[in-house]
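Just so we're aligned: the sequence shown equals residues 72 to 349 in my numbering. Every residue gets a Cβ at the ideal spot worked out from N, C-alpha and C, and that includes glycine. Just below is one structure, and these are the notes that go with it.
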Amino acid sequence: MTGVPASAAGGPSGARRAAAGPASGKAPGAAMGRGAARSSEGGAPGAGGSGAAVGDGSESSVVDAQDDGKPARGGKLAAAAVNQASVWNVANLLTMLRLILVPAFVALMLADGGYDPVWRSLAWAAFAIAMITDLFDGHLARTYNLVTDFGKIADPIADKAIMGAALICLSVLGDLPWWVTGVILGRELGITLLRFVVIRYGVIPASRGGKLKTLTQGVAVGMYVLALTGWLATLRFWVMAAAVVLTVVTGLDYVKQAIVLRRQGIAERKAALEEKEA
Numbered sequence: 072m073t074g075v076p077a078s079a080a081g082g083p084s085g086a087r088r089a090a091a092g093p094a095s096g097k098a099p100g101a102a103m104g105r106g107a108a109r110s111s112e113g114g115a116p117g118a119g120g121s122g123a124a125v126g127d128g129s130e131s132s133v134v135d136a137q138d139d140g141k142p143a144r145g146g147k148l149a150a151a152a153v154n155q156a157s158v159w160n161v162a163n164l165l166t167m168l169r170l171i172l173v174p175a176f177v178a179l180m181l182a183d184g185g186y187d188p189v190w191r192s193l194a195w196a197a198f199a200i201a202m203i204t205d206l207f208d209g210h211l212a213r214t215y216n217l218v219t220d221f222g223k224i225a226d227p228i229a230d231k232a233i234m235g236a237a238l239i240c241l242s243v244l245g246d247l248p249w250w251v252t253g254v255i256l257g258r259e260l261g262i263t264l265l266r267f268v269v270i271r272y273g274v275i276p277a278s279r280g281g282k283l284k285t286l287t288q289g290v291a292v293g294m295y296v297l298a299l300t301g302w303l304a305t306l307r308f309w310v311m312a313a314a315v316v317l318t319v320v321t322g323l324d325y326v327k328q329a330i331v332l333r334r335q336g337i338a339e340r341k342a343a344l345e346e347k348e349a
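This is the structure in structure tokens:
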């Protein structure tokens, strides 16, 4: 059989290889799309081949792992990216600091009957630090990809805790009418619950008015925490009045957005259901 051509001798095995391609369920183009990843299995992490594996997504990584009998490196890299934001990051530490400052602020605010200018100044310092860290922790988390489940829950709690503690202390001491505290805290609690109610339809984004409200509330409450007299005491009254107005107006705006978001969500679900039935 020495006269048989080499091409003919490879015929059966070639046929078997050709048949193996369709049996594997992969098109040639798809195989080439991930071929770089498999051809560089011995390469260092971060090479072009591993990048191709990551770019294909989780499904292709699973397919490659099944085909090669080895764990897909793309899946490991994706898992590492998800887990890289530790709970003990800078943003979360600032949030924890705000939570710790809440009882410290209350103790300083009510020390010596709550009317000593020195203790009130120290309480103002604690309140100011808490408000400043509130500006930074969210920015750091978004900028450096430090968002965690703990931060999502603890950050709004810390914000409302320090503001609520300050308002309640001021009302207990008689420096701020209880109705002002009720309006501000009622609005914050109501909008938080409203967000949870409509979260199935979407997320209500923070508006510029809401950010201005938060800033005005912080300035007004900080001025009330300090033992101010004269024209500064008059000024803080008007700043607090502006804060109350912004609190009510932005609260109504959030309610309007929630209603619109819910209607749109219901309409989209109804349209999707009708399309599915059709």
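Tell me which same chain residues have a C-beta within less than 7 Å of the C-beta of residue i, skipping the five on either side of it?
i, result
"Ala-338", "none"
"Phe-221", "Val-158 and Asn-163"
"Leu-299", "Arg-307"
"Trp-195", "Gly-293, Val-296 and Leu-297"
"Ser-168", "Residue identity differs from the one stated: residue 168 is Leu in this sequence, not Ser. Taken in chain order, the residues that qualify are Thr-204."
"Ala-236", "Val-173, Phe-176 and Val-177"
"Leu-193", "Leu-179"
List the endpoints of the continuous alpha helix (DSSP H) containing residue i.
i, result
"Pro-276", "Unbroken run through Pro-276: none, as it is neither H nor E."
"Ile-270", "Unbroken run through Ile-270: none, as it is neither H nor E."
"Leu-241", "220-243"
"Tyr-325", "302-348"
Can you tell me the Cα-Cα spacing of residue i and residue j, whole angstroms?
i, j, result
"Arg-271", "Arg-334", "12 Å"
"Thr-321", "Met-234", "17 Å"
"Trp-250", "Ile-239", "11 Å"
"Ala-229", "Tyr-325", "21 Å"
"Ile-171", "Ile-200", "11 Å"
"Phe-176", "Gly-280", "27 Å"
"Ala-312", "Lys-347", "53 Å"
"Leu-247", "Ala-343", "52 Å"
"Val-218", "Ala-212", "5 Å"
"Leu-256", "Pro-188", "26 Å"
"Met-180", "Gly-289", "16 Å"
"Val-243", "Phe-198", "17 Å"
"Asp-208", "Arg-340", "36 Å"
"Leu-283", "Leu-303", "21 Å"
"Gly-184", "Leu-241", "12 Å"
"Trp-190", "Ala-277", "35 Å"
"Thr-166", "Lys-327", "30 Å"
"Ala-225", "Thr-285", "17 Å"
"Gly-336", "Thr-252", "34 Å"
Please work out which residues of its chain come closer than 8 Å, Cβ to Cβ, to residue i, disregarding the five sequence neighbours upstream and downstream, and give them in chain order.
i, result
"Thr-263", "Pro-227 and Lys-231"
"Val-274", "Arg-266"
"Val-254", "Val-315, Thr-318 and Val-319"
"Thr-305", "none"
Leaving aside the five residues before and after residue i along the sequence, list all residues of the same chain whose C-beta is less than 6 Å from its C-beta, in chain order.
i, result
"Arg-258", "Thr-318 and Gly-322"
"Tyr-186", "none"
"Ile-330", "none"
"Leu-265", "Ala-329"
"Val-316", "none"
"Asn-160", "Leu-217"
"Val-269", "Ala-329, Leu-332 and Arg-333"
Could you tell me whether any non-hydrogen atom of the ligand NAD is closer than 7 Å to the CB of residue i?
i, result
"Gly-273", "Because no ligand of any kind appears in the structure shown, any question about the ligand NAD cannot be addressed here."
Item checked: Length-filtered (4 minimum) alpha helix (DSSP H) runs lying within the stretch 144-210 -> 144-154 and 161-181
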